[in-house]
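Taking my numbering, the leading residue of the sequence shown gets 316, the next gets one more, and so forth.
Every residue gets a Cβ at the ideal spot worked out from N, C-alpha and C, and that includes glycine.
Step one of this worksheet: look at the structure below.
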Amino acid sequence: MGERHLHPAADPAARAPARRLADRLRRTGRAVSSGDVGLAKAPPLVFAGEVDQLRERLAAVAHGEALLLQAGDRPGTRAALSAAAVRDTLRTLLQMSAVLTYAASVPVVKVGRIAGHYPAPRTGDPGLPTRTYQAAASTLNLVRAFTTGGEADLSQVHAWNREFVTASPAGQRYEAVARGIDKALAFMKACGTDPAGLRSVEFYAAHDVARLDYASALTRTDSRTGAPYATSGHLVRIGDGDRPPDEAHVGFAARIANPVTVRLGPATTVDEVLGYVDRLDPDREPGRLTFALRLGAERVRDLLPELVEKVTASGARPVWVTEPETSSGAPGFDDVLDEVRGFFDVHRSLGTHPGGIHAELTGDDAARDRERPLDLAFRVAEFARSPEPGARSLSPGPGREHQAALSVRRP
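Structure, rendered in structure tokens:
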């Protein structure tokens with residue numbers, strides 16, 4: 316891909332965040348470790364061309380022509396790095412994607428938070444960045460093998476969904492969606508259609524920027540464009556703890572070419588959100604910025620309208636994603652579903668595009684943590700195919716300027 320392996324300290328385009336990193340390390344009394352230096356020379360985990368492709372896919376989401384599905388480990392978890400754990404996480408994401416693709420009749424962009432965000436931001440373990448890199452490299456190798464080696468075959472994914480419907484206490488209510496997918500697959504088979512796209516998938520990796528030393532050491536400058544890319548993941552995520560907009564994490568994200576996701580909570584103000592827009596998306600480029608919302612069932616209908624209206628008025632077109640807490644120990648499923656429905660309701664009322672869903676998974680063998688996201692995918696498909704009276708339908712519509720609400724349907 317032609318990436319030059321430069322640490323940001325040697326790269327003028329990324330020098331400012333590197334200076335802030337050095338200042339921060341001096342303030343905390345932590346020296347730059349030999350692991351940081353080693354990572355600066357390590358092969359990239361992802362490539363610049365793949366990052367550019369994801370930005371194109373996210374631009375389609377922002378234009379209402381696709382949906383975004385993000386899923387993976389919760390920040391701070393240390394799921395066992397095993398083929399089974401990676402496979403189970405990927406399997407759940409693919410199952411959700413199949414249901415949403417059928418319901419939406421639009422492509423679903425799949426992004427996994429799979430490895431690369433385990434280190435606690437302020438831990439003093441100097442070897443942790445290197446171990447994180449090794450874990451991420453192993454995990455991404457497994458993901459690439461699974462997504463091209465038969466695990467992602469649509470017929471196999473639907474068979475898993477069939478098993479889930481049969482075993483689920485709510486299986487009867489999901490039967491209509493499962494039958495619809497059965498018929499669609501049978502129709503394609505009868506027509507002699509067997510495209511390669513049904514046997515493999517595009518899959519992208521997200522990285523939570525908790526440690527700037529790790530992300531900075533894996534920044535590379537692309538020889539094609541001269542732009543710096545964070546090669547720790549295709550998509551960079553900034554969480555609630557890494558705010559405000561003038562914080563060093565945001566400054567780092569502002570200077571790389573990767574698409575950026577910022578998580579917003581109920582305490583996030585409109586001014587802060589507009590600050591993110593100005594800092595991270597000054598050119599107002601669809602696909603550059605995603606807002607992941609965890610506002611809660613009781614607040615989403617009150618808080619979201621003003622956020623969407625003010626951001627839209629600024630000229631930005633970000634991807635809006637709902638991120639309810641779906642893992643075990645989270646709020647009751649009715650509350651989760653109400654938060655998601657509220658997210659869609661707001662976008663329906665404003666005529667804007669609800670870009671997608673983020674689900675937390677453990678990647679271990681905790682059945683409930685996998686079942687909740689699957690339940691959620693089937694429920695979204697349900698009320699998307701049977702919207703409230705007057706709700707608009709999410710079909711791609713004529714041209715890029717169409718912004719539809721999520722009421723989706725695939726034949």
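Quick one: complete beta strand (DSSP E) runs, 3+ long, within the segment 479-553?
-> With a minimum length of 3 residues, the continuous beta strand (DSSP E) runs that stay inside the segment 479-553 are 519-523, 534-537, 543-545 and 550-553.
Near residue 697, what residues of its chain come up, given a Cβ to Cβ distance below 6 Å and the 5 sequence neighbours on each side ignored?
-> For residue 697, where only same-chain residues beyond five positions count, there are no Cβ hits under 6 Å.
Minimum C-alpha distance to residue 445 - residue among 616, 533, 608 and 594 | With distances taken between CA atoms, residue 445 lies nearest to 533 out of 616, 533, 608 and 594.
With contact counted as at least three CB pairs below 8 Å, one residue from each stretch, are the segment 359-379 and the segment 601-612 in contact?
-> As far as the Cβ criterion goes, the segment 359-379 touches the segment 601-612, which means the pair count is three or higher.
In terms of residue numbering, what span does the alpha helix (DSSP H) encompassing residue 564 cover?
-> Where residue 564 is concerned, the enclosing alpha helix (DSSP H) stretches over 563-569.
According to the Cβ coordinates, are residue 463 and residue 429 closer than 8 Å?
-> No, the Cβ-Cβ distance between residue 463 and residue 429 is not below 8 Å.
Through-space distance from residue 487 to residue 426, alpha-carbon basis | Just so you know, the alpha carbons of residue 426 and residue 487 end up roughly 30 Å apart.
Pair every Cβ in the segment 375-389 with every Cβ in the segment 659-675, then say whether three or more of these pairs are closer than 8 Å.
-> At 8 Å Cβ cutoff, the stretches touch.
Where does residue 638 sit, in a helix, a strand or coil, going by DSSP?
-> In the three-state scheme derived from DSSP, where H, G and I count as helix and E and B as strand, residue 638 is classed as coil.
Opposing strand residues paired with residue 608 [DSSP bridges] = Residue 608 has 579 and 637 as its beta-bridge partners, per DSSP.
According to DSSP, residues forming a beta bridge with residue 399 | Answer is none; residue 399 lacks a bridge partner.
Out of 523, 663 and 656, state which residue places its alpha-carbon closest to the alpha-carbon of residue 611.
-> Residue nearest to residue 611 within the set 523, 663 and 656 is 656 (criterion: CA-CA distance).
Classify residue 383 as helix, strand or coil using the three-state DSSP reduction.
-> Looking at residue 383 - three-state DSSP - the assignment turns out to be strand.
Exposed or buried, residue 544, counting other C-beta atoms within 10 Å across all chains shown (16 or more means buried)?
-> Under the 10 Å beta carbon count, residue 544 is surrounded by 16 or more other beta carbons and is classified as buried.
Cβ neighbours of residue 500 in the same chain (closer than 8 Å, five flanking residues each side left out) = Correct list, in chain order: 469, 470 and 473.
Under 8 Å between the Cβ atoms of residue 599 and residue 638?
-> No, they are not a contact pair.
Note down the Cα distance separating residue 613 from residue 409, rounded to an integer number of angstroms.
-> The straight-line gap separating the alpha-carbon atoms of residue 613 and residue 409 is approximately 30 Å.
What three-state label does DSSP hand residue 613 in the structure shown?
-> Residue 613 falls in the coil class under three-state DSSP.
Residue 446: first and last residue of the uninterrupted beta strand (DSSP E) it sits in = For residue 446, no beta strand (DSSP E) segment is defined; the enclosing uninterrupted segment is the alpha helix (DSSP H) at 443-463.
Report yes or no: do the segment 616-623 and the segment 590-598 share at least 3 C-beta pairs separated by less than 8 Å?
-> By the Cβ rule, the segment 616-623 does not count as touching the segment 590-598, because fewer than three pairs are nearer than 8 Å.
Where does residue 705 fall in DSSP's three states?
-> The predicted model places residue 705 with a pLDDT of 37, which falls under 50 and marks its position as unreliable; any figure quoted below should be read in that light. Note: residue 705 maps to coil in three-state DSSP.
Smallest Cα separation from residue 516: which of 540, 504 and 465?
-> Ranking the options by Cα distance to residue 516, first place goes to 465.
For residue 357, the nearest candidate out of 526, 546, 633 and 675 (CA to CA) | It is 546 whose Cα lies nearest to the Cα of residue 357.
Just checking my contact of residue 584 with residue 627 at CB under 8 Å: how many whole Å lie between their CB atoms?
-> The beta-carbon distance between residue 584 and residue 627, rounded to whole angstroms, is 17 Å. This is too long to meet the 8 Å contact definition.
Just curious, the beta strand (DSSP E) that residue 372 is in, first and last residue?
-> If you look at residue 372, you'll find it isn't in any beta strand (DSSP E); it sits in the alpha helix (DSSP H) that goes 363-377.
Report back the beta-carbon spacing between residue 568 and residue 634 to the nearest angstrom; my notes put them in contact at under 8 Å.
-> Rounded, the Cβ-Cβ distance is 15 Å, inconsistent with contact.
Nearest candidate by alpha-carbon position, reference residue 631, set 362, 528, 492 and 588 | Comparing Cα-Cα distances from residue 631 to each of 362, 528, 492 and 588, the minimum goes to 588.
By Cβ distance below 7 Å, which residues in the same chain neighbour residue 402 in space, the five residues on each side in sequence not counted?
-> Non-local C-beta neighbours of residue 402 in its own chain, meaning closer than 7 Å and more than five positions away in sequence, comprise 461 and 466, ordered along the chain.
Specify, as a first and last residue, the run of the alpha helix (DSSP H) that residue 662 falls within.
-> For residue 662, the enclosing alpha helix (DSSP H) begins and ends at 648-665.
Using the C-alpha atoms, what's the distance from residue 648 back to residue 616?
-> Distance between the alpha carbons of residue 616 and residue 648 is about 18 Å.
Cα-Cα, which of 572, 541 and 538 is closest to residue 551?
-> Of the candidates 572, 541 and 538, 572 places its Cα closest to the Cα of residue 551.
Is the CB-CB distance between residue 407 and residue 676 below 8 Å?
-> In this structure, residue 676 lies closer than 8 Å to residue 407 by Cβ.
Same chain, Cβ closer than 7 Å to residue 414, neighbours up to 5 away in sequence not counted | Result list for residue 414: 476, 492, 692, 693 and 696, in chain order.
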